[in-house]
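Residue numbers for the sequence shown follow the working numbering, so the first one is 8 and each next one is one higher.
Report on one structure; see the data block that follows.
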Amino acid sequence: MTNPTDNQSFRPGDAGFARLSMLFLENSLQPHEAAELHRMLLADAKRRQQFVDLCTLRCGIDLVLNRLTRQGSTIAMPPTIVRFNEKPGPTDAGRAIKLSPPRGLLLVAAVLMLSLLINSMILWLTHYPPQSHQVAIVTTGLNTHWSTATTTGSGILAGQTLVLSNGLARLHCNGGASVTVQGPATVMMQSANAMLLTHGRVVVKAVGGHFVVHTPNAAVRDLGTWFAVAVGEPSGTEVGVYEGKVRVSSQSKGVAPPASETLRTGQAVHVVGTVIRPVWKIGWRQHFVAHIATGIRELDLVDLLCGGDGTTHCRGGGIDVRTGIAGAVPQIGYYRGNNAFHRVPALPVVNGCFIPGRGGPQQIDSVGDRFTFPTTNTSGCYILWAGDRFPAFNAPGVDPMSPILGGINYAQHGHDLVYMHPNKGITLNLRAIRRLHPGLKLTRFKTVVGNTYRQASTKAPEFAHLATDIWVIVNGKVRFSRLHFTPSNGAISVDVPLHRNDHFLTIADTAVTPDIRSHWVILGDPVLQTAPR
Numbered sequence: 008m009t010n011p012t013d014n015q016s017f018r019p020g021d022a023g024f025a026r027l028s029m030l031f032l033e034n035s036l037q038p039h040e041a042a043e044l045h046r047m048l049l050a051d052a053k054r055r056q057q058f059v060d061l062c063t064l065r066c067g068i069d070l071v072l073n074r075l076t077r078q079g080s081t082i083a084m085p086p087t088i089v090r091f092n093e094k095p096g097p098t099d100a101g102r103a104i105k106l107s108p109p110r111g112l113l114l115v116a117a118v119l120m121l122s123l124l125i126n127s128m129i130l131w132l133t134h135y136p137p138q139s140h141q142v143a144i145v146t147t148g149l150n151t152h153w154s155t156a157t158t159t160g161s162g163i164l165a166g167q168t169l170v171l172s173n174g175l176a177r178l179h180c181n182g183g184a185s186v187t188v189q190g191p192a193t194v195m196m197q198s199a200n201a202m203l204l205t206h207g208r209v210v211v212k213a214v215g216g217h218f219v220v221h222t223p224n225a226a227v228r229d230l231g232t233w234f235a236v237a238v239g240e241p242s243g244t245e246v247g248v249y250e251g252k253v254r255v256s257s258q259s260k261g262v263a264p265p266a267s268e269t270l271r272t273g274q275a276v277h278v279v280g281t282v283i284r285p286v287w288k289i290g291w292r293q294h295f296v297a298h299i300a301t302g303i304r305e306l307d308l309v310d311l312l313c314g315g316d317g318t319t320h321c322r323g324g325g326i327d328v329r330t331g332i333a334g335a336v337p338q339i340g341y342y343r344g345n346n347a348f349h350r351v352p353a354l355p356v357v358n359g360c361f362i363p364g365r366g367g368p369q370q371i372d373s374v375g376d377r378f379t380f381p382t383t384n385t386s387g388c389y390i391l392w393a394g395d396r397f398p399a400f401n402a403p404g405v406d407p408m409s410p411i412l413g414g415i416n417y418a419q420h421g422h423d424l425v426y427m428h429p430n431k432g433i434t435l436n437l438r439a440i441r442r443l444h445p446g447l448k449l450t451r452f453k454t455v456v457g458n459t460y461r462q463a464s465t466k467a468p469e470f471a472h473l474a475t476d477i478w479v480i481v482n483g484k485v486r487f488s489r490l491h492f493t494p495s496n497g498a499i500s501v502d503v504p505l506h507r508n509d510h511f512l513t514i515a516d517t518a519v520t521p522d523i524r525s526h527w528v529i530l531g532d533p534v535l536q537t538a539p540r
């Protein structure tokens, strides 16, 4: 039998392993504790041997004591015991162990085995002290409600389980990583560089790599990065990378071999069982709260439309306003609308999109608010495109839209733009944006708008006088409009106040005349300004 003191080095997580093993023998494991014990046993051969020794002693004592009491029953191996030295057979869960030595020998054996178990437990509790060393500290909290005795400033011990019922908490780990926990969540700090996430969401910023997030069916190994992990939504594990790269490995349960994959900036996967599948929705970042700080002064609309949280500098995403499909959508030419409102499921912060037209009151948000736009032709050109160079439309005589407005190239570094050739409408969900930044309030929407046609094209100059209308609507009511602007008006400033109860922010543009070929409308440097709550 392995002596717990044979290994003289104290490893991170040993105290937690000893505690979980004792709970197993007492049949008192909670589901998340059983998952953590299983992971520890799979990862360490010495721990497996120690676990088997303790279980063998316990089963032997139960057997002897039952024999002594002459109850006529046999002792079955608990079906939850994991045996690692042999393959389980179909009858293992109920296999009985039968011995028939004389009564005196049974009594001696019972005393010896009981003393061995007590001695082993004493050695374990001596070598693996229940009060483990501190591996992290709770540095920041926002609207937190803990189900465990935890507060801001609390030290976290190796093997300690934290249950966050609501709110956000920032943990600083001794290994250098910063972990933002988004409630509801259950986590266990295994060491200064490892944690178990059994439910909920975390965002990790690691210094120089080496941090590991374990889940019930995966391991996420940081390779020097900023990444997010979610468990239980709707099932399995989701992993996404803000910056850098991570190694994701599924944990095999013997049904299929484990899989492994390296993710890089912007990539995300869903681990179900042992299968790793890519996540194609560009808005995965919008399911995580990455920031607790209240020092952010503005959120970038381009980043939000490209799947970010307003601070992550995502660029180059489109929305097809005919369907609500978002991401790397192909460029389109001329289209006609049908007076429908389309949800955008890939982007949680975007409520929906539509094509303004002549069909009467147009639905502009998911709660049914409607707005009657001036008569236009219910048609349009191109996809709505956020940031980067405008995707070209391969057709003879068609020029790409220009990013230059008022002498500023908004496609250059340090600027942002949304290409919004009419007729188009898009509605933001301000409540969803606030959930991404619970420490902030939204105060204003600001941008410049204009028609860039004349600055770039020398073709068909007779169309340059054609006019466009721009609308900013909040909860179905107009808060800003500029009618009949043309390229000669240059950059038009838009500054719209936002209030605490505002839910939907709609931005729409409409062509005044049926001919829409010269309406190269862009939004330059669009932002949502913020302030601390």
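Ideal placement from N, C-alpha and C gives every residue a C-beta, glycine not left out.
Backbone secondary structure at residue i - three-state DSSP
i	result
leucine 178	strand
histidine 320	coil
aspartate 522	coil
tryptophan 527	coil
asparagine 173	strand
methionine 202	strand
tryptophan 291	helix
glutamine 3	The chain is shown from 8 up to 540; residue 3 falls before or after that span and cannot be answered.
glycine 334	strand
serine 568	It is not possible to answer for residue 568, since the shown part of the chain is limited to 8 through 540.
arginine 208	strand
proline 407	coil
glutamate 40	helix
alanine 103	Bear in mind that a pLDDT of 43 at alanine 103, under 50, signals an unreliable position, so the number given afterwards is only what the model happens to contain. Strand, per DSSP.
phenylalanine 218	coil
histidine 45	helix
valine 309	helix
isoleucine 68	helix
methionine 427	coil
serine 495	helix
threonine 450	strand
isoleucine 371	coil
Beta-carbon spacing of residue i, residue j below 7 Å
i	j	result
proline 536	glutamate 305	A small correction: the amino acid at residue 536 is glutamine; proline does not occupy that position in the sequence shown. Yes. Within cutoff.
leucine 437	leucine 449	yes
glycine 190	leucine 203	no
proline 504	arginine 451	yes
valine 534	alanine 439	no
valine 210	threonine 187	yes
threonine 193	histidine 179	no
arginine 54	phenylalanine 24	yes
alanine 266	threonine 244	no
valine 145	threonine 159	yes
glycine 323	isoleucine 289	no
glycine 359	alanine 498	no
For residue j and residue i, believed in contact at Cβ under 8 Å, the rounded distance
i	j	result
tyrosine 249	arginine 292	7 Å
glycine 367	threonine 382	Incorrect: roughly 11 Å between the Cβ atoms, too far for contact.
leucine 424	glycine 375	With 8 Å as the limit, leucine 424 and glycine 375 do not qualify as a contact, their Cβ atoms being about 31 Å apart.
leucine 530	valine 456	6 Å
valine 519	leucine 473	7 Å
valine 246	valine 238	10 Å between Cβ atoms; not a contact.
Between the CA atoms of residue j and residue i - distance to the nearest angstrom
i	j	result
asparagine 458	proline 407	13 Å
tryptophan 287	valine 278	14 Å
threonine 168	histidine 510	37 Å
aspartate 307	aspartate 316	8 Å
alanine 515	isoleucine 433	6 Å
threonine 222	glutamate 40	12 Å
leucine 44	valine 227	18 Å
serine 525	lysine 453	25 Å
glycine 346	asparagine 384	Looking at the sequence shown, residue 346 is not glycine but asparagine. If I take the Cα positions, the gap works out to 11 Å.
alanine 235	arginine 377	38 Å
tyrosine 342	proline 445	39 Å
valine 276	leucine 64	43 Å
glycine 166	asparagine 181	14 Å
alanine 418	proline 398	12 Å
proline 264	asparagine 173	36 Å
threonine 133	cysteine 321	The predicted position of threonine 133 is uncertain, since its pLDDT is 46 and thus under 50; no value can be drawn from it.
glycine 251	arginine 271	6 Å
glutamine 37	isoleucine 283	27 Å
asparagine 34	glutamine 56	19 Å
threonine 151	alanine 297	15 Å
lysine 212	serine 185	5 Å
Touching by the beta-carbon criterion (3+ pairs, under 8 Å), the stretch 231-238 and the stretch 213-222: yes
The stretch 417-434 in contact with the stretch 355-374 per 3-pair CB rule at 8 Å: yes
Inter-stretch contact (C-beta, 8 Å, three-pair minimum) for the stretch 334-346 and the stretch 386-396: yes
Stretch-stretch touch, CB-based, cutoff 8 Å, three pairs: the stretch 471-485 with the stretch 320-333: no
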